[in-house]
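A.B. asks: Pasting in a structure now, in structure tokens, and then I'll have a few things to ask.
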Amino acid sequence: MEVKPSKPDSNETYDKFVDCKTYLVDGKLKSWSGKSSDVFSNIYTRNKDGEIKPTLLGSIPDMETEPALEALDSAVAAFNRGKGKWPTMRVGERIKCLEKFADKMKNYREEVVNLLMWEISKNKSDSYKEFDRTVDYIYDTIEAYKEIDRKSAKFEKQSGIYAHIRRGPLGVILCLGPYNYPLNETFCLLIPAIIMGNTAVFKPAKHGVLLITPLLKAFKESFPPGVVNILFGRGRKIASPIMKTGKIDVLALIGHSSSAVALQDLHPNKNRLRLVLGLEAKNPGIVLPDADLDLTIKECISGTLSYNGQRCTALKILFVYESIVDEFNKKFAIAVDNLKYGLPWEKDAFLTPLPEPHKANYMQDLIHDAIKKGAKIINKKGGTLSHNYLYPAILYPVSTDMNIYHEEQFGPVIPIMSYKDIDEPLNVMAASEYGQQVSLFGNDVSKIGPLVDILANLVCRVNLNSACQRGPDVYPFTGRKNSAVSTLSVHDALRSFSIRTFVAAKDNPKNNKIIGSLLNSKDSNFINTEYLL
Ligand code: G3H
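Numbering (the numbering used here), first residue to last: 1 to 533.
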């Protein structure tokens with residue numbers, strides 16, 4: 001059921017219209033004179049004709065296939081099958097480019113945060129956190145790369161053969177990020193990809209796209225031509241034709257597996273297409289009989305509802321031991337109903353509007369399906385619908401025939417199941433298509449110990465008495481089954497976007513002299529034992 005707003009969400013008039021008519025290709029900000037697409041916020045304001053409508057924030061180029069393929073060719077030329085200036089450059093020189101970019105990026109903090117709030121309705125403190133975390137990620141990446149480089153600054157000798165082993169780039173990367181972290185997660189792919197010597201074509205997510213536009217100039221001024229190319233428009237006109245050329249070496253995508261599979265299928269040489277993917281998850285919270293309920297509820301609130309549950313790491317189903325489920329449900333329902341809903345910039349707003357226009361209706365469909373099959377909404381405010389929001393609904397008891405049990409809701413609906421035997425949630429997890437993380441709430445070490453041994457094989461992070469989350473970004477972020485391919489973290493991402501490659505030479509006077517001269521002459525950027533500080 002569509003609900004029409006009777007008054008605007010905000011009385012503000014949006015006066016920062018961003019009319020983006022450029023894209024970045026081959027180190028140039030090219031003008032776009034073709035069709036544009038309007039970008040709207042799902043926050044409603046009164047427009048200039050007095051109507052209450054989604055707020056018009058700006059416009060972006062609706063690019064066609066031909067310029068997208070030109071951008072691809074510029075990335076291909078900059079990599080030049082490994083012969084380009086960028087992939088053969090000294091590590092220290094590439095790092096200088098990234099430092100320059102980070103310095104410039106910091107100047108756009110307010111602009112980007114404002115757009116994060118309007119475009120994807122992320123609350124103010126989380127929007128600042130996303131920006132700052134991304135800048136920190138860049139500096140941490142630089143330090144991690146220096147560390148990797150320092151460890152490679154040597155010759156090893158085995159069986160009479162010297163080896164100088166480094167990590168080299170893979171080629172041309174197609175980089176596609178998600179709407180829920182349009183800055184942070186896209187940059188967690190793009191930054192390690194390029195610093196390792198790859199070149200990239202990057203298309204921002206559908207929601208959270210304008211916030212990339214202030215950074216176009218910083219990219220242009222910081223990196224050599226062709227290293228970073230930024231395009232705007234629809235996936236089918238841009239990403240699909242790019243994949244069909246077979247010129248992409250790595251598909252780096254955070255989003256849904258359906259998009260990853262569809263893009264992969266278009267590549268003519270799948271055997272050599274590397275994948276770095278962060279995909280769906282259905283992370284469970286398991287509440288053991290002796291869990292500290294106050295702490296568990298606090299963690300389950302942040303786990304299920306931070307950014308309205310629109311996080312791949314969100315807790316998407318709770319399993320509560322049957323003897324405590326009533327008490328848990330009672331306390332949890334009160335805690336959820338006490339959360340503050342507001343516009344992203346309002347003080348202490350925890351719940352905010354949903355950025356996708358039809359999301360609230362999808363949430364409602366999940367609820368109706370569950371109610372039809374025997375669940376109830378157990379919190380008083382649960383399921384209250386407005387034009388762009390649905391107040392978080394806790395559903396209990398949930399059963400395996402309900403859509404909410406299977407689907408990754410990515411929004412404010414919280415299914416709860418009770419269990420008698422711990423094998424019940426374990427079997428659900430073992431049978432699940434997903435395997436990212438789990439939260440385990442309890443105190444009894446003799447119960448927790450053996451459970452951890454199993455859970456660690458079902459997912460890739462077991463959170464004890466804590467909500468699931470990706471951070472701190474130095475820890476490995478990955479998943480089993482349909483949840484991920486490759487590992488991301490400050491350190492692991494550098495590995496994911498590179499391959500070990502080395503120079504070997506038999507130990508003999510002639511070779512030793514050549515190596516000695518190469519090290520002294522600095523004729524090679526690869527062979528060097530310089531210690532990067
Ligand atoms: O959407 C998935 C994100 O990687 C979650 O990150 O746990 O820091 O919110 P987070």
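Just so it is clear, CB atoms sit at the ideal spot from N, CA and C, and this is done for glycine as well.
1) For the alpha helix (DSSP H) containing V91, name the first residue and the last one.
2) Three-state secondary structure (DSSP) at T478?
3) Which of helix, strand or coil does DSSP assign to C175?
4) Opposite F319 in the DSSP bridges: which residues?
5) Taking 9 angstroms as the threshold (C-beta atoms), are L494 and M196 in contact?
6) Between G285 and C312, how many whole angstroms is the CB-CB distance? I'm expecting something under 8 angstroms.
7) If we require 4 or more residues per run, which alpha helix (DSSP H) segments fall completely within the stretch 464 to 515?
8) Nearest-angstrom Cα distance between A314 and S521?
9) Give, in chain order, every unbroken run of the alpha helix (DSSP H) that is at least 4 residues long and sits entirely within the stretch 299 to 373.
10) Determine the burial state of E346: buried for a count of at least 16 other Cβ atoms within 10 Å of its Cβ, exposed for fewer.
11) Quick one: what does DSSP say T22 is sitting in, helix, strand or coil?
12) Tell me the residue span of the alpha helix (DSSP H) that contains G168.
13) In the DSSP assignment, what residue or residues form a beta bridge with I60?
14) What separation, rounded to the nearest whole angstrom, lies between the Cα atoms of E327 and V336?
15) When burial is assigned at 16 or more other CB atoms within 10 Å of the CB, is D444 buried or exposed?
16) Are the CB atoms of T141 and L98 nearer to each other than 9 angstroms?
17) Name the residue from C20, T384, F350, Y396 whose alpha carbon lies nearest to the alpha carbon of S418.
18) Would you say Y475 touches ligand 1, meaning its beta carbon is less than 8 angstroms from a heavy atom?
19) With DSSP collapsed to three states, give me the class of T141.
20) Note down, in chain order, each residue of its chain lying with its Cβ closer than 6 angstroms to the Cβ of I301, except the 5 sequence neighbours on either side.
21) What number of angstroms, rounded off, separates the C-alpha of V462 from the C-alpha of G34?
22) Hey, is T313 close to ligand 1, as in C-beta under 8 angstroms from one of its heavy atoms?
23) Using CA coordinates, which residue listed in L458, A467, K506, L288 is at the minimum distance from S483?
24) Among A193, S41, S31, whose alpha-carbon lies nearest the alpha-carbon of S496?
25) Using only alpha-carbon positions, find the residue among L426, P54, I238, A77 that is nearest to T65.
26) Quick one, are the C-beta atoms of L183 and F219 less than 9 angstroms apart?
27) Helix, strand or coil, according to DSSP, for Y198 in the structure here?
28) So, does the stretch 145 to 152 touch the stretch 65 to 82, judging by three or more C-beta pairs under 8 angstroms?
29) Taking the alpha-carbon of M363 as reference, which of L29, K4, N388 has the nearest alpha-carbon?
30) Out of A360, G374, C468, point me to the one whose CA is closest to K4's CA.
31) Report the residue ranges of all alpha helix (DSSP H) runs contained in full by the stretch 237 to 277; include only those spanning at least 4 residues, in chain order.
32) Can you list, in chain order, the residues of its chain whose CB lies under 6 angstroms from that of I414, leaving out five sequence neighbours each side?
33) Under 8 angstroms, with one C-beta from each stretch per pair, do the stretch 466 to 482 and the stretch 445 to 456 reach the 3-pair mark?
34) With H, G and I counted as helix, E and B as strand and the rest as coil, what does DSSP make of Y128?
35) Quick check: the Cα distance between E59 and K21, rounded to an integer number of angstroms?
C.D. replies: Concretely, from the data shown:
1) 91 to 105 is the span of the alpha helix (DSSP H), which, as asked, contains V91.
2) In this structure, T478 counts as coil in the three-state DSSP scheme.
3) In this structure, C175 counts as strand in the three-state DSSP scheme.
4) In the DSSP assignment, the residues bridged to F319 are I286, M417.
5) Yes, Cβ-Cβ distance for M196 and L494 is below 9 angstroms.
6) About 15 angstroms; that fails the 8 angstroms criterion.
7) Listed in chain order, the alpha helix (DSSP H) runs fully inside the stretch 464 to 515 are 490 to 496, counting runs of at least 4 residues.
8) Here the alpha carbons of S521 and A314 stand approximately 53 angstroms from one another.
9) For the stretch 299 to 373, whole alpha helix (DSSP H) runs of length 4 or above, ordered along the chain, are 325 to 337, 359 to 372.
10) Around the C-beta of E346, fewer than 16 other C-beta atoms lie within 10 Å, and the residue is accordingly described as exposed.
11) Taken through DSSP and simplified to helix, strand or coil, T22 comes out as strand.
12) From DSSP, G168 is part of no alpha helix (DSSP H) but of the beta strand (DSSP E) over 161 to 169.
13) Under DSSP, the beta-bridge partners assigned to I60 are S37.
14) So the two alpha carbons sit approximately 14 angstroms from each other.
15) That one is exposed.
16) In this structure, T141 lies near L98, with their beta-carbon atoms less than 9 angstroms apart.
17) If we check each option's Cα against that of S418, Y396 comes out closest.
18) Every heavy atom of ligand 1 is 8 angstroms or more from the Cβ of Y475, so no.
19) DSSP places T141 in helix when its eight states are reduced to three.
20) Excluding residues within five positions, the ones whose Cβ falls inside 6 angstroms are A335.
21) Each residue's Cα considered, the two are about 49 angstroms apart.
22) For ligand 1, at least one heavy atom lies less than 8 angstroms from the Cβ of T313.
23) For the residues L458, A467, K506, L288, the minimum Cα distance to S483 belongs to L458.
24) Here the closest residue by C-alpha is A193.
25) Checking every option, the nearest Cα to that of T65 belongs to I238.
26) Not in contact: L183 and F219 (Cβ atoms no closer than 9 angstroms).
27) Here residue 198 is Asn; the residue named in the question, Tyr, does not match the sequence. Residue state, collapsed to three classes: coil.
28) In short, these stretches do not touch, since the Cβ pair count stays below three.
29) The residue with the shortest Cα to Cα distance from M363 is N388.
30) K4 has its Cα closest to that of A360, out of A360, G374, C468.
31) Taken in chain order, the whole alpha helix (DSSP H) runs of length 4 or more contained in the stretch 237 to 277 are 257 to 266.
32) Only T304, I394 meet the Cβ criterion.
33) Segment contact: the stretch 466 to 482 against the stretch 445 to 456, fewer than three CB-CB distances shorter than 8 angstroms; contact not assigned.
34) Three-state DSSP puts Y128 in a helix.
35) In the sequence as presented, Glu is not what sits at residue 59; that position holds Ser. The straight-line gap from Cα to Cα measures roughly 8 angstroms.
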